[in-house]
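**Student:** Note that my numbering has the sequence shown beginning at 82, numbered continuously upward. Ideal Cβ positions, reconstructed from N, Cα and C, are used throughout, including at glycine. Here the structure is a predicted model, which means the values were calculated and not measured. There's a structure below that I have some questions on.
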Amino acid sequence: MTKTLRVELGADSYPIVVGTGLLNRVGEILTPHVKSGKVLIVSDAFVKARYMPIVHRRLTDAGLDVNTVEIPVGEESKSLAEFSRIQDSLVANQLDRGSTLIALGGGVIGDLGGFAAAVYMRGISYIQIPTTLQAQVDASVGGKTAINHPKGKNLIGAFHQPKAVVIDVDTLKTLPQRDIRSGLIEVIKMGVIRDEPLFEMVAENLEAILNIEAATLIEMISRACVNKAEIVAKDEKESGLRMVLNYGHTFGHALEALTHYNSYQHGEAVSIGMNCAAQLAVQLGMFSETAFQRQRSLLKRAKLPLTFPADLTPEAICDAMYLDKKTLGGKRRLILPTRIGEVVIRDDVDDRQVLEVISQCF
Ligand code: NAD
Ligand code: GLY
């Protein structure tokens, strides 16, 4: 069972292949997208042990010269130090402008590996093989690559589109439930921002999704990726429309930075952020209480967190939100829902209202 979608970006267009058993076919799938024989696969310790052997074998069988580099597990690896280690490996293995980097892993590996490819020799090709739900429905598509600065998430990065994305849903069988739930937030987010039927599909199929039923996952991931591909095709560099993908993220990124990226999974922080943003929208009179409860109820059923931790202050969260990349000329831009299926970008909400709603989300 395989679906192929496309991100339409003119000369930079690329396919997203979604299905089961794809790692086993990775040689035939990727050969058309690799210019010369040399590749470097970037992965973390877990992914390397579990999925590297089959990918390595299939790419070698396809005639490629396969090199590998292992990154420590976790968000802390989106750092200058690990970025530097990948550059060292690219140099040591003599990858050239025709070579390809393959990011095999979750969003951390995709963002870090993608950024390394964007910069090495002023940009070489890369391919995403995402193995977490988070990366399959969001991070691997759209060409945003980045590492973190100690003061803020994803502050150092580049737009660099992959040559292909290969999503094997079988990899989700080894993913802990916490990561499945956390990744699911990006699909629920997509439903709230522009696709009410997708929101309903998740609500109706939550058990099948959490039980990793392949057909349901392929359908859900494909629909999430089609939405993302449409947005990216219209606004690759986030000059407007693409910002809607950051619904819940302004609050969420502040929480992640304040908790040093190690207490919350990205999706968990976004869940709290979406709940807070929706509550703010209700208070601004632009989102109904019923719609707010619909979102809240799905987040609760998915066992995602809704409130900030007691050891942070609303003031600290509010301040940290200014480091968000959507802040322009000192104006904070918030993505707020008007109904399930539509959001707007607002830069006129004053600090007092933001602070007040954060205080209510503890
Ligand atoms: P992650 O990459 O840290 O992976 C989470 C954990 O899952 C890791 O411990 C990893 O080893 C493990 N893992 C990976 N695949 C597995 C599998 N199949 N089975 C078992 N364990 C597996 O985290 P993530 O949630 O995938 O990604 C979060 C990152 O993605 C954040 O840094 C976030 O900023 C980024 N992100 C980027 C974009 C974008 O557009 N570029 C979008 C959303 C999120
Ligand atoms: N995850 C946000 C974006 O890709 O724009």
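Look at the alpha carbon of Leu344 and the alpha carbon of Val218, and state the distance between them as a whole number of angstroms.
**Tutor:** Correcting the residue identity first, residue 344 is Ser in this sequence and not Leu. Roughly 22 Å separates the two Cα atoms.
**Student:** So, is Asp192 buried or exposed, given that buried needs 16 or more other C-beta atoms within 10 angstroms?
**Tutor:** buried
**Student:** Compute the beta-carbon to beta-carbon distance between Ile421 and Phe332, rounded to the nearest angstrom, for a pair I have assumed lies under 8 Å.
**Tutor:** Contact flag wrong, Cβ pair sits at about 19 Å.
**Student:** Can you say whether His341 is buried or exposed, counting buried as having 16 or more other CB atoms within 10 angstroms of its CB?
**Tutor:** So His341 counts as exposed.
**Student:** I'd like to confirm something about Ile190: is its beta-carbon nearer than 7 Å to some heavy atom of the ligand NAD, or not?
**Tutor:** yes
**Student:** Have a look at Val136 and Leu385 and give me their C-alpha separation to the nearest angstrom.
**Tutor:** 33 Å
**Student:** Using 7 Å as the cut-off, classify the Cβ of Leu322 as near or not near the heavy atoms of the ligand NAD, replying yes or no.
**Tutor:** Incorrect: Leu322 has no Cβ contact closer than 7 Å to the ligand NAD.
**Student:** What are the residues that DSSP puts in a beta bridge with Ser206?
**Tutor:** Note: Ser206 is bridge-paired with Thr181 in the DSSP secondary-structure output.
**Student:** I need the DSSP call for Leu121, collapsed to helix, strand or coil.
**Tutor:** strand
**Student:** For Lys412, which residues in the same chain have their Cβ closer than 8 Å to its Cβ, ignoring the five residues on either side in sequence?
**Tutor:** Asp428
**Student:** DSSP three-state label for Glu311, please.
**Tutor:** helix
**Student:** Are there 16 or more other CB atoms within 10 angstroms of the CB of Glu109, so buried, or fewer, so exposed?
**Tutor:** exposed
**Student:** The ligand NAD and Ile223: does any heavy atom of the ligand fall closer than 7 Å to the residue's C-beta?
**Tutor:** The sequence shown places Gly at residue 223, rather than the Ile named in the question. Yes, since a heavy atom of the ligand NAD falls inside the 7 Å radius drawn around the Cβ of Gly223.
**Student:** Report buried or exposed for Glu156, applying the criterion of at least 16 other Cβ atoms within 10 angstroms of its Cβ.
**Tutor:** Glu156 sits buried, since 16 or more C-beta atoms from the chains shown fall within 10 Å of its C-beta.
**Student:** Got a sec? Which residues, its chain only, sit under 8 Å from Asp251 by beta carbon, not counting five neighbours each side?
**Tutor:** Hits under 8 Å: Thr101, Gly102, Leu103, Leu104, Ala295.
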